[in-house]
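Worksheet: the structure to be examined is printed underneath.
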Amino acid sequence: MADKQSCSSAGDFCGRPGAAFVAGGTGAIGAAIVRTLAGRGSDVVFTYRARRAAADSLCAEVKEYGRQVLALRLDLADESATAAAVAEAVSAFDGIHTLVYAAGPHVPMVHLSRVTPSQYRAQLDADAGAFFNLVHPALSPLRESRGNIVAVTTVATRRFPVRDGLSSGTKGAVEAVARALAAEEGRYGVRVNCVGPGMLTDGIAARLISSGELDEAALEITRRNIPLRRFGDATDIAEAVAFLASDRADFITGQALGVDGGYSV
Numbered sequence: 002m003a004d005k006q007s008c009s010s011a012g013d014f015c016g017r018p019g020a021a022f023v024a025g026g027t028g029a030i031g032a033a034i035v036r037t038l039a040g041r042g043s044d045v046v047f048t049y050r051a052r053r054a055a056a057d058s059l060c061a062e063v064k065e066y067g068r069q070v071l072a073l074r075l076d077l078a079d080e081s082a083t084a085a086a087v088a089e090a091v092s093a094f095d096g097i098h099t100l101v102y103a104a105g106p107h108v109p110m111v112h113l114s115r116v117t118p119s120q121y122r123a124q125l126d127a128d129a130g131a132f133f134n135l136v137h138p139a140l141s142p143l144r145e146s147r148g149n150i151v152a153v154t155t156v157a158t159r160r161f162p163v164r165d166g167l168s169s170g171t172k173g174a175v176e177a178v179a180r181a182l183a184a185e186e187g188r189y190g191v192r193v194n195c196v197g198p199g200m201l202t203d204g205i206a207a208r209l210i211s212s213g214e215l216d217e218a219a220l221e222i223t224r225r226n227i228p229l230r231r232f233g234d235a236t237d238i239a240e241a242v243a244f245l246a247s248d249r250a251d252f253i254t255g256q257a258l259g260v261d262g263g264y265s266v
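Here our numbering is used: the first residue of the sequence shown is 2, the next is one more, and so on.
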């Protein structure tokens with residue numbers, strides 16, 4: 002483990018025992034969260050599914066902050082492997098203080114009438130099921146550390162954009178479970194919150210733009226629907242996650258913070 006005295010005295014996580022565990026660390030949002038947490042004084046464990054080169058690069062960045070890091074290749078759909086990954090993280094860092102769910106498959110924009118029930122079930126398994134696979138084995142160590150959980154969801158659970166039901170439906174399930182966990186785990190000092198990204202210039206939004214699923218006309222309409230008249234980026238989400246995970250938010254639980262430029266107003 003890194004010497005806790007070596008981190009900045011201004012770091013939110015300086016001196017906090019254990020590590021932050023970030024699921025989906027090589028995605029645009031996940032990587033920004035890993036960098037931000039490391040920069041604020043936390044050792045980090047993160048998972049990735051296939052992008053080994055990106056994982057190695059991110060490990061190097063974390064070490065530049067003077068923090069310890071562990072990258073684990075993991076398919077969150079595998080219940081046993083996910084439980085083993087959490088146990089490995091706890092063993093390597095003597096606990097975890099924060100669990101961040103920033104994973105999830107690419108979700109195409111499609112009308113629900115064109116989504117088959119089997120496709121919807123698969124999306125639930127890949128997202129809401131994966132979230133629960135991760136959270137369940139982490140509850141015991143989080144109780145010990147009086148830690149917290151932050152799930153990255155979507156602002157589409159509050160203001161629905163057409164053709165986004167496959168995402169908002171499954172992320173809505175994640176938010177419902179997060180609220181239930183906040184109610185049940187608060188007696189152990191565990192806080193549970195969500196961050197709902199709006200339209201971003203990276204992450205899934207970037208893939209939708211590059212794939213042509215969102216053309217320039219659609220993007221302009223989206224901008225007009227955002228009071229700030231611009232899109233956000235992964236760093237905006239990482240800042241919100243870091244705040245909710247920090248002691249500055251120690252009386253906040255069961256909430257979903259929209260980081261959307263006002264889209265959901």
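All C-beta atoms, glycine included, are put in the ideal place defined by N, C-alpha and C.
{"query": "Whole beta strand (DSSP E) runs in the segment 18–63 with 3 or more residues, listed along the chain?", "result": "20–24 and 44–49"}
{"query": "In angstroms, rounded to a whole number, what distance separates the CA positions of ASP13 and HIS107?", "result": "31 Å"}
{"query": "Compare the C-alpha of PHE22 against each of GLY190, GLY197, ALA123 and ALA84 and name the closest.", "result": "ALA84"}
{"query": "Kindly indicate which three-state DSSP category SER10 falls into: helix, strand or coil?", "result": "The pLDDT assigned to SER10 is 45, lower than 50, so where the model puts this residue is not dependable, and the model offers no usable value."}
{"query": "Could you name the residues of the same chain whose beta carbon sits closer than 8 Å to that of ALA39, not counting the 5 residues immediately before and after it, in chain order?", "result": "VAL45, GLU62, VAL63, TYR66, ARG68 and VAL70"}
{"query": "For TYR102, name the three-state secondary structure that DSSP assigns.", "result": "strand"}
{"query": "Considering only residues of the segment 61–144, which uninterrupted alpha helix (DSSP H) runs meet the minimum length of 4 residues and lie entirely inside it, listed in chain order?", "result": "80–94 and 118–125"}
{"query": "What span of residues does the beta strand (DSSP E) with ILE150 cover, start to end?", "result": "149–153"}
{"query": "Per DSSP, what kind of secondary structure is ARG192 in: helix, strand or coil?", "result": "strand"}
{"query": "Taking the alpha helix (DSSP H) that GLY173 falls in, what are its first and last residues?", "result": "166–186"}
{"query": "For VAL266, which three-state DSSP category applies?", "result": "coil"}
{"query": "Mind checking whether ASN194 and LEU125 have CB atoms under 8 Å apart?", "result": "no"}
{"query": "Report the rounded CA-to-CA distance for GLU176 versus ILE210, giving the unit in angstroms.", "result": "26 Å"}
{"query": "Enumerate in chain order the residues of its own chain whose CB-to-CB distance from VAL156 is below 7 Å, with the five nearest sequence positions on each side excluded.", "result": "GLY197, PRO198, GLY199, GLY259, ASP261, TYR264 and SER265"}
{"query": "Straight-line CA distance for LEU182 to SER169?", "result": "19 Å"}
{"query": "ALA239 and ARG41 - do their beta-carbons sit closer together than 8 Å?", "result": "no"}
{"query": "Between the Cα of GLU1 and those of GLY255, ASP248, VAL163 and LEU167, spot the shortest distance and give me the residue it belongs to.", "result": "This structure cannot speak to residue 1, because the chain is shown only from 2 to 266."}
{"query": "DSSP on LEU229, reduced to helix/strand/coil?", "result": "coil"}
{"query": "Could you work out which residue in ALA129, ARG115, ALA88 and SER81 is closest to TYR102 when comparing CA atoms only?", "result": "ALA129"}
{"query": "Looking at C-alpha atoms only, which residue of PHE232, SER146, ASP57 and ASN134 is the closest neighbour of LEU201?", "result": "PHE232"}
{"query": "Label ILE222 either buried or exposed according to how many other C-beta atoms from any shown protein chain fall within 10 Å of its C-beta, with 16 as the threshold for buried.", "result": "exposed"}
{"query": "Please state if the CB of VAL91 and the CB of PHE133 are separated by a distance shorter than 8 Å.", "result": "no"}
{"query": "With 16 other CB atoms within 10 Å as the buried threshold, where does GLY19 fall?", "result": "buried"}
{"query": "According to DSSP, is VAL242 helix, strand or coil?", "result": "helix"}
{"query": "In the DSSP output, which residue or residues are listed as bridge partners for GLY197?", "result": "GLY259"}
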